[in-house]
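Colleague: Would you mind keeping the following structure in view while I ask a few things?
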Amino acid sequence: NSPLGQLLASLGIFVVLQGLTVLAFGNETRSFRFWTAGDSIQLYASSITLVQVISIVVAVTSLIGVLIFWKSSEIGRQVRAVASDADLARSCGIDVSAMSAWATGISAGFAAVAGILFACDLDMSPTMGMNPFMWALVAVILGGATVCGTACASLLIGLSSQLGTIWLPTQYQDAIVFVILITFLLLRSQASFSKSST
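For what it's worth, our numbering labels the leading residue of the sequence shown as 1048, then goes sequentially.
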């Protein structure tokens, strides 16, 4: 039940489902867009597609909705209590299993919406989820598994990977993200070492 064990189990399930998808539907890239990929909005020297605009609006709206739900609803408060200390939450009469199911369901719903928008923008393939999965993992590590922290880390990762392509080819986007992760881990370990030595 450790977080690392859950992460490895999730990664294993992801790889298995990806393989089953390839066996069932093939490895070809598919599209369900009924509009042309070239439709875009000019923004100074760059361009942005309508799907990307919709994705930004949905992301901001979802973040605000989650924050309101987390802080204002009874279920949100109970989920936060379980995330903070499951044993203490259980001793206070909170159904830990039910709250875990709520958190999983909400997360799966947002992941489904993100996957649909991603497919609308870049088409579909069985391996399309690997990069978002790894980037989301980096965002959680940087953000500390909090809603606001993860949102800020995601914004940092997105901006850095996109702006980095001004000077580097697009295939280096993953490298940029993991350089940010390695730098963060080195700085955090250095800070922890300095604190422990004082």
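Don't be surprised by glycine CBs; every beta carbon is placed ideally from N, CA and C. Predicted model only: the values in this text are computed from it and were never measured.
What is the rounded straight-line gap between the Cα of valine 1143 and the Cα of isoleucine 1153?
Modeller: Along the sequence shown, one-based indexing puts residue 1143 at 96. Along the sequence shown, one-based indexing puts residue 1153 at 106. C-alpha separation (whole angstroms): 15 angstroms.
Colleague: Could you name the residues of the same chain whose beta carbon sits closer than 8 angstroms to that of asparagine 1178, not counting the 5 residues immediately before and after it, in chain order?
Modeller: In the sequence shown, residue 1178 corresponds to position 131, counting from 1. These residues qualify, in order along the chain: Asp1221.
Colleague: Quick one: using the 10 Å Cβ neighbour count with 16 as the cut-off for buried, is proline 1173 buried or exposed?
Modeller: Translated into the one-based positions of the sequence shown, residue 1173 becomes position 126. With 16 or more other Cβ atoms within 10 Å, it is buried.
Colleague: Going by other Cβ atoms of all chains shown within 10 Å of its Cβ, with 16 needed for buried, is alanine 1159 buried or exposed?
Modeller: For this step, residue 1159 is matched to residue 112 along the sequence shown. By the 10 Å Cβ count, alanine 1159 comes out exposed.
Colleague: If isoleucine 1163 and valine 1185 are in contact, beta carbons under 8 angstroms, what's the gap, nearest whole angstrom?
Modeller: Reading the sequence shown from its first residue, position 116 is the one you call residue 1163. Reading the sequence shown from its first residue, position 138 is the one you call residue 1185. Between valine 1185 and isoleucine 1163 the Cβ distance is about 22 angstroms, and since that is not below 8 angstroms, they are no contact.
Colleague: For the alpha helix (DSSP H) holding serine 1131, just list the boundary residues, first then last.
Modeller: Counting from 1 along the sequence shown, the entry for residue 1131 is found at position 84. Start and end: 1121-1131.
Colleague: By how many angstroms is the C-alpha of serine 1120 removed from the C-alpha of glutamine 1139?
Modeller: As a position in the sequence shown, residue 1139 is number 92, starting the count at 1. As a position in the sequence shown, residue 1120 is number 73, starting the count at 1. Note that residue 1139 is cysteine in the sequence shown here, rather than glutamine. Cα to Cα, the separation comes out at about 17 angstroms.
Colleague: May I ask you to list the residues that DSSP assigns as paired with methionine 1171?
Modeller: As a working note, residue 1171 is residue 124 in the sequence shown. Note: methionine 1171 sits in a beta bridge opposite Arg1077.
Colleague: Tell me whether alanine 1200 is buried or exposed, calling it buried when 16 or more other Cβ atoms sit within 10 Å of its Cβ.
Modeller: In the sequence shown, residue 1200 corresponds to position 153, counting from 1. With 16 or more Cβ atoms within 10 Å of its Cβ, alanine 1200 is classed as buried.
Colleague: Leaving out five residues before and five after phenylalanine 1231 in sequence, what residues of the same chain have Cβ atoms less than 8 angstroms from its Cβ?
Modeller: Reading the sequence shown from its first residue, position 184 is the one you call residue 1231. Counting only Cβ-Cβ distances below 8 angstroms, and skipping sequence neighbours, we find Ile1188, Leu1189.
Colleague: Taking the alpha-carbon positions, what's the isoleucine 1122 to isoleucine 1141 distance?
Modeller: Position 75 of the sequence shown, counting from 1, holds the residue named residue 1122. Position 94 of the sequence shown, counting from 1, holds the residue named residue 1141. The straight-line gap from Cα to Cα measures roughly 10 angstroms.
Colleague: Which complete alpha helix (DSSP H) runs does the stretch 1152-1231 hold, if anything under 4 residues is left out?
Modeller: Complete alpha helix (DSSP H) runs here, min 4: 1177-1190, 1194-1211.
Colleague: Quick check on this structure: which residue in Ile1060, Val1126, Ile1103 has the alpha carbon closest to the alpha carbon of valine 1194?
Modeller: As a first step, residue 1194 is located in the sequence shown; it is residue number 147 there, counting from the start. Of the listed residues, the one whose Cα sits closest to valine 1194 is Val1126.
Colleague: Can you give me the C-alpha to C-alpha distance between glutamine 1099 and isoleucine 1213, rounded to a whole angstrom?
Modeller: If you number the sequence shown from 1, residue 1099 lands on position 52. If you number the sequence shown from 1, residue 1213 lands on position 166. Rounded to whole angstroms, glutamine 1099 to isoleucine 1213 spans 19 angstroms at the Cα level.
Colleague: Would arginine 1077 and aspartate 1168 qualify as a contact pair, given that the criterion is a beta-carbon distance under 8 angstroms?
Modeller: Numbered from its first residue, the sequence shown carries residue 1077 at position 30. Numbered from its first residue, the sequence shown carries residue 1168 at position 121. Going by C-beta atoms, arginine 1077 is not nearer than 8 angstroms to aspartate 1168.
Colleague: For phenylalanine 1072, which residues of its own chain have a beta-carbon under 8 angstroms away from its beta-carbon, when the five flanking residues on both sides are left out?
Modeller: On the sequence shown, position 25 is the one that residue 1072 refers to. Cβ neighbours of phenylalanine 1072 beyond the five flanking positions: Pro1173.
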